[in-house]
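Residue numbers (the working numbering), protein chains in the order written: chain B, 15 to 210; chain Y, 15 to 210.
Glycine included, each C-beta is placed from N, C-alpha and C at the ideal position.
Here's the structure, in structure tokens; my notes come after.
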DNA sequence: CTGATTTTTAGTACCTAGTCCTAATATCGG
DNA sequence: CCGATATTAGGACTAGGTACTAAAAATCAG
């Protein structure tokens, strides 16, 4: 016994969603109706034809492959800096910085802003990050403006500690304690000795 | 002047590789030859027709979709993953990832690779980084291939700890312990949805 | 039950992006 | 110039459709 049009269309939608590679012919057999009926159903539900569906899936895949994280020189705009003391930078969270699924900023962008600010605040361009202890205290949504404040809290024999606190409005969203190594300009990266 | 058959075929291969969505018609115009010539070329190079190419790309995508995260969200290429257990990704350090001064990779790229691997390994709709304790044990130079290995070390209601160790060859260059907040999808089930 | 309406089916012409095949030219090396 | 290779042209056929017309079948209202 063939079910009602409504039920068929619901199941049709699910079937195609699950397997976009199915042809009208196959669907007609599955639902025991004519191919034309399947086509009318697709039209009513505005489900595109097989080739369009496949193309859509493929295109989505291609976009993914073009992904090449374009991280700029400095993440965020430095709006204030006092070398070896403190710095403030600003970072606007845009579409490309968030998870498509929930619109929340990916952690590494907040980290990148903080980390590059920690590098910048050090009065020696050869600063490398040695350790970091970080905390994401609140999710940051698309469209937010993140203000990172870096403060140099300690310094000894080549190592400097920088604490970066990032805010959206008055809310703390990120906090990180970075131990920065003031690297010598030697080419060798293997042995790192404190020199200045 | 039209180039030789050999050169045309080489360029044809590259063109299709770059953009599998191109038709024979378009290729014929681009190379200033007839459609038939393009088809002979494709046959000689055993390049399938447009629809087969698109289908192949789409199918690849469907396989990937089983993962908890779209592949685009991951920095580096995931070469192995066992959800809620372990994952391995690969990241090639290029010019754009290093400090121009010394050719050493900026920390946030290593962090990004590790962090996104930690997100990917979690088998939930949503995974956010809560805390992280990280260590950069050795500088990474341009041209290095960084292999990040993530291991889920603990899990309790809503929180999962993931340890990521990154290597260049046999040298540990980065280590991070991430505390990830996880949120299961509203609709429980093994079936993944194909968005149409 | 009848008549109207909805739903389903059938069939036609046309489309794209091809395949496979034959046959006629064009171009090049020796 | 000849012969081989390369290119082009054309016809017949394919899948998986669209767009349209028309008719048959099922369903609903009174």
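Asked, Found
"Start-to-end residues for the alpha helix (DSSP H) that takes in residue 38(Y)", "38-45"
"Neighbour flag for residue 141(B) against chain Y, beta carbons, 7 angstroms", "no"
"Helix, strand or coil at residue 68(Y) according to DSSP, with G and I counted as helix", "helix"
"Segment contact, 8 angstroms Cβ cut-off, at least three pairs: the segment 39-56 of chain Y with the segment 40-54 of chain B", "no"
"Start-to-end residues for the beta strand (DSSP E) that takes in residue 91(Y)", "91-96"
"Boundaries (first-last residue) of the beta strand (DSSP E) holding residue 196(B)", "185-196"
"7 angstroms Cβ cutoff, residue 185(Y) in contact with chain B", "no"
"Interface partners of residue 68(Y) on chain B, CB under 7 angstroms", "68, 69 and 72"
"Residue 168(Y) (DSSP reduced to helix, strand or coil)", "strand"
"Within chain B, the residues that residue 144(Y) reaches when beta carbons sit closer than 8 angstroms", "149 and 150"
"Closer than 7 angstroms to chain Y by CB, residue 90(B)", "no"
"Close beta carbons around residue 22(Y), own chain, < 6 angstroms, minus the five adjacent residues each side", "45"
"Alpha carbon of residue 157(Y) to alpha carbon of residue 145(Y), nearest angstrom", "30 angstroms"
"Contact list for residue 126(Y) against chain B, beta-carbon separation under 9 angstroms", "83, 85, 120, 121, 122, 123, 125 and 126"
"Selection of the segment 98-121 of chain B by Cβ proximity to chain Y, strictly under 8 angstroms", "113, 114, 115, 116, 118, 120 and 121"
"Neighbouring residues, chain Y, relative to residue 129(B) (Cβ below 8 angstroms)", "120, 121, 122 and 125"
"Integer Cβ distance of residue 141(Y) from residue 196(Y), believed to fall under 8 angstroms", "5 angstroms"
"Through-space distance from residue 18(B) to residue 81(B), alpha-carbon basis", "Here residue 81(B) scores only 31 on pLDDT, less than 50, and its place in the model is too uncertain to base an answer on."
"DSSP state of residue 154(Y) mapped onto helix, strand, coil", "coil"
"Secondary structure of residue 159(B), DSSP reduced to three states", "strand"
"Backbone CA spacing between residue 55(Y) and residue 52(B) [nearest angstrom]", "38 angstroms"
"Residue 118(Y) beta carbon less than 7 angstroms from that of residue 225(Y)", "The first residue shown for chain Y is 15 and the last is 210, placing residue 225(Y) beyond what the model contains."
"Helix, strand or coil at residue 133(B) according to DSSP, with G and I counted as helix", "helix"
"Spatial neighbours of residue 126(Y) in its chain, beta-carbon cut-off 7 angstroms, leaving aside the 5 residues before and after", "89"
"Beta-carbon proximity of residue 100(B) to residue 149(B), cut-off 7 angstroms", "no"
"Three-way DSSP call (helix, strand, coil) for residue 108(Y) in this model", "coil"
"Under the three-state DSSP convention, the category residue 121(B) falls into", "helix"
"Which of helix, strand or coil DSSP assigns to residue 142(Y)", "strand"
"Reduced DSSP category for residue 21(Y) - H, G, I as helix; E, B as strand; rest coil", "helix"
"Bounding residues of the alpha helix (DSSP H) (the contiguous stretch that carries residue 51(B))", "49-58"
"Residue of 189(B), 170(B), 175(B) and 168(B) minimising C-alpha distance to residue 160(B)", "189(B)"
"Residue 30(B), DSSP secondary structure in three states", "helix"
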